[in-house]
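Engineer: There's a structure below that I have some questions on.
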Amino acid sequence: MSMAEHNLLVVDKDDDFVSAAKELFEGRLPVARSIEEASQTAESGDLRMLLLGPSFSNDESLEQIRNLHNQDPALILMMVADTVTADLLRGAMRAGVSDVIEAPLDEAKIEAAIEQFAHDVLKRRSAGKPVAEPVRTERGAIVTVTSAKGGSGKTVTATNVALLLNRIPDKKVVLVDADLQFGDVCLLLQLEPRFTMVNAAHELHHLDAEMLDSLLTEHPSGLKVLAAPLEPAFADDITTAGLMQMLDILQDNYDYVVVDTASMLDELILSLIEKADHVLMVVDMDLPSVKNAKLALETLRLLKFSTQNVQLVMNRNNSKAKLDNKEIESALKMEISAAVPSDAAVPNSVNEGRPIVETDPKGKVAKGFESVAELIAGKIPESTSKGGLFGRK
Ligand SMILES: Nc1ncnc2c1ncn2[C@@H]1O[C@H](COP(=O)(O)OP(=O)(O)OP(=O)(O)O)[C@@H](O)[C@H]1O
Ligand SMILES: [Mg+2]
């Protein structure tokens, strides 16, 4: 089992357990002796999974584990116990542990636990079922824009790509701002939403296409936007299942549902990745960005998520970075599908709230975004009829 080398930390006081785990994972495995120590290692950011040994099967330790889970909800926690009782299982689940495996440890049990975890994520995302009957036979494509590091250019990409897709005649496009705490899609598009997905979240039990449509905000181009909560505190009102239900409804009525996200790998993002027909992973040309993208891809592979729909978008392509495209491709074991050059016009467009595909549609940055949109929809028409600059100059 080499997949876990960099991502897995074994935590236990007990030498026997640690050496058994080491043997199972062929030696090269970081170890922490206490939850505190594990929490410090987790802060370094490279970890994806903790394997907690049998010495933590008590209430006090579970409380510590719960704090650790709150500190880093994306961390996958697996526990090993000498005997798995219903009480222990309940306590562990409440503390954020994904599964409790009965000792002695073996490879099959760990793999089964990881599979179960991935399965649960999928199940939760499909829990929200659409209320309305689908009116169209073909459902729209979900395009999830992600990155493993903040500030990589997700929102700039999501807004420009959504506008480009919206140029295609007879195609309806909606942009969903799923950066629940700090969503800034509306800022970039100079929109002042009257309603947000918080309103939709409060109506989930009778939400249908018509009601959801009435909560969208329209951009002068015709692009529709489902706005993020206006304040970070409201983000708590949005559950993964709730957002999945909204996407299901939108998919019935829109050809493209573009989803902007926050930079983390929690359950919501995993669900958005799983649900997507296209995942655009935006990678900045710097080392932390590439390192995090590598970890994110490894995590997806570890969770047995398909990376088949994932396409790499290289942002700030010509910036004075130390890495070249070949190095990045070999580090990520994936080809770069499209690239957007670095240009001072981008921050200007952000500050002015006027996306670059509208203000400078023939420029090289707009052409870069076009190459991204073409990954999804093929040739994008020139900006004349539907998109264009109307109302904006
Ligand atoms: N190609 C580019 N050239 C120059 N500047 C860029 C480019 N792409 C993005 N930027 C700048 O980087 C900043 C971050 O971009 P953006 O907000 O799209 O990133 P993000 O991934 O959505 O960030 P967050 O994780 O905070 O949501 C923007 O203010 C933008 O001006
Ligand atoms: Mg953003």
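The sequence shown begins at 1287 in the working numbering and counts up one residue at a time. C-beta: ideal position from N, C-alpha, C; glycine also.
1. If you draw a straight line from the C-alpha of I1454 to the C-alpha of G1508, how long is it?
2. Between which two residues does the alpha helix (DSSP H) harbouring K1308 extend?
3. Under the rule that 16 or more other beta-carbon atoms within 10 Å means buried, what is E1584, buried or exposed?
4. DSSP three-state call for M1550: helix, strand or coil?
5. Please list, in chain order, all residues of the same chain as L1443 whose beta carbon is under 8 Å from its beta carbon, the five residues on each side excluded.
6. Could you tell me which residues DSSP pairs with D1385 in its beta bridges?
7. Within this structure, are the beta carbons of A1476 and G1639 separated by less than 7 Å?
8. Between K1435 and ligand 2, is the CB less than 6 Å from at least one heavy atom?
9. In three-state terms, what does DSSP make of I1666?
10. With a threshold of 6 Å, establish whether the CB of D1465 neighbours any heavy atom of ligand 2.
11. Look at the alpha carbon of E1424 and the alpha carbon of D1541, and state the distance between them as a whole number of angstroms.
12. Please return the same chain residues whose Cβ sits closer than 6 Å to the Cβ of V1460, not counting the five positions on each side in sequence.
13. For the beta strand (DSSP E) containing H1564, name the first residue and the last one.
14. Quick check: the Cα distance between S1384 and S1341, rounded to an integer number of angstroms?
15. Are the beta-carbon atoms of A1548 and I1428 separated by less than 7 Å?
16. Alpha carbon to alpha carbon, how far is E1615 from V1632? Give it in angstroms, no decimals.
17. Short check: CB of L1348 to CB of G1382, under 7 Å?
18. Please work out which residues of its chain come closer than 8 Å, Cβ to Cβ, to V1297, disregarding the five sequence neighbours upstream and downstream, and give them in chain order.
19. Have a look at L1294 and L1589 and give me their C-alpha separation to the nearest angstrom.
20. Please report the distance separating the alpha-carbon of P1641 from that of E1553.
21. Can T1482 be considered in contact with ligand 2, in the sense that its beta carbon sits closer than 6 Å to one or more heavy atoms?
22. Is V1636 closer than 7 Å to L1449 when the C-beta atoms are compared?
23. For G1469, which residues of its own chain have a beta-carbon under 6 Å away from its beta-carbon, when the five flanking residues on both sides are left out?
24. Is the separation between the beta-carbon of A1360 and that of M1571 shorter than 7 Å?
25. Any idea what DSSP makes of I1400, helix, strand or coil?
26. Please confirm whether D1546 and V1471 have their CB atoms less than 7 Å apart.
27. Can you tell which of A1372, V1366, L1374 and D1373 has its C-alpha closest to the C-alpha of L1391?
28. According to DSSP, what are the bridge partners of Q1357?
29. Between which residues of its own chain and P1574 is the CB-CB distance below 7 Å, once the five residues before and five after are set aside?
30. With burial defined as no fewer than 16 other Cβ atoms inside 10 Å of the residue's Cβ, what is the status of A1663: buried or exposed?
Structural biologist: Quick look at the numbers:
1. 12 Å
2. D1301 to L1310
3. buried
4. coil
5. Before going on, a small fix: residue 1443 reads as Thr here, not Leu. Excluding residues within five positions, the ones whose Cβ falls inside 8 Å are V1431, L1566, V1568, V1599, N1601, V1626, F1655 and V1658.
6. M1364
7. In the sequence as presented, Ala is not what sits at residue 1476; that position holds Gln. Yes; because the gap between Cβ atoms is below 7 Å, this pair is in contact.
8. no
9. coil
10. yes
11. 9 Å
12. K1510, L1536, Y1540 and V1543
13. H1564 to D1570
14. 17 Å
15. no
16. 25 Å
17. no
18. V1317, A1318, R1319, S1320, I1321, E1323, A1324, L1336, L1337, L1338, G1339 and F1342
19. 13 Å
20. 30 Å
21. no
22. no
23. D1463 and A1514
24. no
25. helix
26. yes
27. V1366
28. The partner list for Q1357 (beta bridge, DSSP) is empty, contrary to what the question assumes.
29. K1435
30. buried
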